[in-house]
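Numbering (our numbering), first residue to last: 351 to 790. The beta carbon of each residue, even a glycine, is placed where N, CA and C say it ideally should be. As structure tokens, the structure follows; a few thoughts come after it.
Next up, the structure:
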């Protein structure tokens, strides 16, 4: 693990992190077989339920953390062989109680495949078969988080490997949909000294990606490492709720990547959310320079939604637009443009000819305490159109108790053939997932 090298890191923190990591990995390896046996049912897994990171105050000096997800996923995309995966991910960790404002957290991830008929997504990842559809859940055993935290002066400071999420993850997220989440070696702080105002800042020097501990081979001569890559990135984010019935946001993301200069960008954005006329309105706009594959262009981003609640049901109408070349290399990409994942690579690297996603979503409770979300997308390029095609998504969730949550998800994309990137159009694609998550 490469921690921040151009910041003053306390020697005790380094020793603490490395010592705990060695003990934790050894313990995890001894328990991994038991975890697999107890969680190998194909319906066992869950959606985005990260570990609670608030410092424990229940009297225990050290609190154990456990999050187990079992997932079956099918991926079918034109031009590739169909993939099927059955994976189990165990996230195991320890969290200390606060002591004079200080606390610490360490957790590690183990992912194992009971069915490995798929492409893990990167060279030397296990499995890796470029003839098959990518399901980016390779086998791995690695340190996920390890940080020292201090809470004081209306501020939370973190130093070390950590998850960072801003707003709706459109530009900065932890990709928690995948079994191996994306974390960052970073210094971060969140300040709430002024009532209603939340100010966040993070400096990161390494991005720990989702492709696992074995994915350490170069993809290209200039892309030196698939497992992680070096960064020199500053992230500023602000949110203000001091005005009645209005939430305002703004952000400045200055992203530089030593290993992948084509990912470099400077992004400046604002957002607002309010309720009026029985509706909830949300709008976001951003400007990006260093856009495009060669980082020599500019691009605009816009996302707007209107939501109406009908008792226990709701309907959302939205439109999200990315100018040609706009890139989001640190985003949780699966959360946008449909669950079939046909736009994620181009959205990350800015190689697309524009993406305009016009969608309508309906959420309703159904029998047995389940929630059902249906979404229909019309996908076009720089204009509102159906040139790329249509997608239908559904998500079905069932919360059994505070520990178990089940999910089924389907995304079906039908292509109309417009060119998305280079000379390639968007292919027809289907993804189906069923999972259950257990959190202790």
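_According to DSSP, is residue 676 part of a helix, a strand, or is it coil?_
coil
_Limits of the unbroken alpha helix (DSSP H) element including residue 694_ = It spans 694-699 - the alpha helix (DSSP H) in which residue 694 sits, taken as one unbroken run.
*Measuring alpha carbon to alpha carbon, tell me which of 744, 600, 560 ends up nearest residue 633.*
600
_Check whether the stretch 451-467 and the stretch 498-512 are in contact - that is, three or more C-beta pairs closer than 8 Å._
yes
*asked:* For residue 787 and residue 463, what's the separation of their Cα atoms in angstroms?
replied: 16 Å
_Can you list, in chain order, the residues of its chain with a C-beta nearer than 6 Å to that of residue 780? Leave out the 5 residues immediately preceding and following it._
426, 762
*Taking the alpha carbon of residue 748 as the point to measure from, which residue in 758, 739, 741 has its own alpha carbon closest?*
Cα-wise, what sits closest to residue 748 is 758.
*Cα separation between residue 472 and residue 545?*
46 Å
*alpha helix (DSSP H) runs wholly inside the stretch 636-665, at least 4 long, in chain order*: none
*Top-ranked residue by Cα proximity to residue 736, from 755, 723, 768, 672*: Checking every option, the nearest Cα to that of residue 736 belongs to 768.
*Taking all protein chains shown into account, decide if residue 414 is buried (16 or more other Cβ within 10 angstroms of its Cβ) or exposed.*
exposed
*Contacts around residue 560, its chain only, beta-carbon distance under 6 Å, and the 5 residues preceding and following it disregarded*: Cβ within range, chain order: 486, 525, 528, 530, 532.
_Residues that DSSP places opposite residue 708 in a beta bridge_ = 669, 728
_Let's test the definition: count the other Cβ atoms within 10 Å of the Cβ of residue 514 and tell me whether it reaches 16, buried, or not, exposed._
buried
*Within this structure, are the beta carbons of residue 619 and residue 641 separated by less than 8 Å?*
no
*In whole angstroms, what is the alpha-carbon distance linking residue 777 and residue 670?*
21 Å
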